[in-house]
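**Student:** Taken in sequence, the protein lines are chains A and B. Each number in this note's numbering corresponds to the 1-based position in the first sequence with 2 added. Each number in this note's numbering corresponds to the 1-based position in the second sequence with 2 added.
2 protein chains.
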Amino acid sequence: MHISIDDIEQQDKRYRTSFVNSLAGFRQAVLVGTIGANEIPNLAIFNSLIHLGANPALFGLISRPNKVPKDTLQNILETKYYTLNYISNNYYKQAHQTSARYQSNVSEFGEVGLTPIFNSPFPAPFVQEAVVKIGMKLEQTIEIELNGTILIIGSIQQVEIPQEIVSPDGFVKLTEQDILVSCGLDAYFKTEQIGRLTYAKPGVLPNEIV
Amino acid sequence: MHISIDDIEQQDKRYRTSFVNSLAGFRQAVLVGTIGANEIPNLAIFNSLIHLGANPALFGLISRPNKVPKDTLQNILETKYYTLNYISNNYYKQAHQTSARYQSNVSEFGEVGLTPIFNSPFPAPFVQEAVVKIGMKLEQTIEIELNGTILIIGSIQQVEIPQEIVSPDGFVKLTEQDILVSCGLDAYFKTEQIGRLTYAKPGVLPNEIV
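Next up, the structure:
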């Protein structure tokens, strides 16, 4: 089926949102934990974590204009700190539920049934249930003027992770802890490893790393 | 296991690259097709496609400094057009192999064994083997000064996709065509859907969409 830019522009808004969002493929959904001046822990699902670099270790998030995670962005700008908490099979409905439009004076943690924990002196709340928890510090925000979205760039400050899923070469085996991946606005998936491949060099087809 | 920012900074470079890259989670790997002034079709794997918005339909790619896909970035800047081709189970080794450091006067298509096709008048080459092919137009590049990476932003111009994987509500079922997801520098995974959830509203836990 051939779909042109005109076809996409003429799609019904809800259809187009779902089509383009899911066409963008699988992404790492994370729960972003923050706390504001009102001292209410805030939790919001973001459906794409972006790897920007390893040294310094920088991850990005995309914040949409006029969307639910506005409290999250506000809190990050105010406090400079936030947490990334990976979503497992056993609480993905609670994670999805954080995208409901709760009032600013309500904590999504309590509403959806997840537990905030503070790992002092880190100033933002983690999700106790998450098997991988990352503490982040805001480095920069970049507004993308084409559509008003904001790229939030942060540096990794600390990582809580089960030792057994970190391979001797540094590779993190997220699949072994049932960490989910998302696609589109509302779909969640588990993963199964096909293979890891050797570093590619001209003239030699890659082999599987055993 | 607790890992601090100091621990990460003291990691061996290869270990850190693998650790931080895989910690960033699962992403949509795509093959980016371009053609330069030398008329040699170029193909490079990028391991993260970023959804930036549905209206206009904008996707992002991250280009690292001093890395293999330099020809790709150069070609995109020169011609303004490029293609995104999704990677299936049956040719993921060929896809990975495009990350080898081939000379600029060599076409990765021929070297790895994938077939370039042109869909006139679209000026960039698609991968014939890809079940989902997207034609993109460059809209903007943004340099992230923190580490010299470049965010390439493009708009969708055309999509070739099997009709049977587009749901009546617009959701694209990539899993049904064995479209792979990547993690880290060298790992590839297939996906299995856990569920799609209803739009989240305060006070009502989401249900699965059947």
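Glycine included, every Cβ here is placed at the ideal spot set by N, Cα and C.
At a Cβ threshold of 8 Å, is Val34 of chain B touching chain A?
**Tutor:** no
**Student:** Along the beta strand (DSSP E) that carries Ser6 of chain B, what are the first and last residues, could you check?
**Tutor:** 4-6
**Student:** Where does Tyr83 of chain B fall in DSSP's three states?
**Tutor:** strand
**Student:** Applying the criterion that 16 or more other CB atoms from any shown protein chain within 10 Å of the CB defines a buried residue, is Glu110 of chain A buried or exposed?
**Tutor:** buried
**Student:** So the beta strand (DSSP E) Glu162 of chain B belongs to, where does it begin and stop?
**Tutor:** 151-162
**Student:** What are the start and end residues of the beta strand (DSSP E) that includes Ala97 of chain B?
**Tutor:** Ala97 of chain B -> not in any beta strand (DSSP E); alpha helix (DSSP H) instead, spanning 94-99.
**Student:** Mind the definition here: the segment 154-168 of chain A touches the segment 133-144 of chain A only if three or more C-beta pairs lie below 8 Å; say whether that holds.
**Tutor:** yes
**Student:** Name the residue from B:Gly186, B:Ser157, B:Val212 whose alpha carbon lies nearest to the alpha carbon of Leu25 of chain A.
**Tutor:** B:Ser157
**Student:** Would you say Arg66 of chain B and Thr200 of chain B are within 8 Å of each other, going by their C-beta atoms?
**Tutor:** Taking a C-beta distance under 8 Å as the contact criterion, Arg66 of chain B and Thr200 of chain B do not qualify as a contact pair.
**Student:** Using three-state DSSP, classify Gln179 of chain B as helix, strand or coil.
**Tutor:** helix
**Student:** Measure from the C-beta of Met138 of chain B to each C-beta in chain A and report whether the shortest distance is under 8 Å.
**Tutor:** no
**Student:** Helix or strand or just coil, what does DSSP make of Val70 of chain A?
**Tutor:** Any reading at Val70 of chain A needs caution, since the residue's pLDDT is 48, under 50, leaving its predicted position unreliable; the model's value is listed next. In the structure shown, Val70 of chain A sits in coil (DSSP, three-state: anything other than H, G, I, E or B).
**Student:** Gly35 of chain A and Asn91 of chain A: beta carbons closer than 8 Å?
**Tutor:** no
**Student:** Using 8 Å as the limit for Cβ to Cβ distance, is Ser101 of chain A near chain B?
**Tutor:** yes
**Student:** Suppose contacts are defined by Cβ-Cβ distances below 8 Å. Is Ser184 of chain B in contact with Asp171 of chain A by that definition?
**Tutor:** no
**Student:** Measure the alpha-carbon distance for Ala31 of chain B versus Leu187 of chain B and round it to whole angstroms.
**Tutor:** 10 Å
**Student:** Specify the secondary structure class of Glu113 of chain B as computed by DSSP and reduced to three states.
**Tutor:** helix
**Student:** Can you tell me the Cα-Cα spacing of Asp180 of chain B and Lys192 of chain B, whole angstroms?
**Tutor:** 7 Å
**Student:** Quick one: what's got a C-beta closer than 6 Å to Val70 of chain B's C-beta in the same chain, skipping five residues either side?
**Tutor:** Here Val70 of chain B scores only 49 on pLDDT, less than 50, and its place in the model should not be relied on; the value that follows carries that caveat. Counting only Cβ-Cβ distances below 6 Å, and skipping sequence neighbours, we find Ser101, Arg103.
**Student:** Does DSSP put Leu75 of chain A in a helix, a strand or coil?
**Tutor:** helix
**Student:** Could you tell me the distance, in whole angstroms, from the CA atom of Ile154 of chain B to the CA atom of Arg29 of chain A?
**Tutor:** 18 Å
**Student:** Rounded to a whole number of angstroms, what is the C-alpha to C-alpha distance between Leu148 of chain B and Pro204 of chain B?
**Tutor:** 38 Å
**Student:** For a contact meaning CB atoms closer than 7 Å, what does Gly197 of chain A contact in chain B?
**Tutor:** Tyr190
**Student:** What residues from the segment 14-29 of chain A come within 9 Å of chain B, judged by C-beta to C-beta, listed N to C?
**Tutor:** Result list: Asp14, Lys15, Arg16, Tyr17, Arg18, Thr19, Ser20, Phe21, Val22, Asn23, Ser24, Leu25, Ala26, Gly27, Phe28, Arg29.
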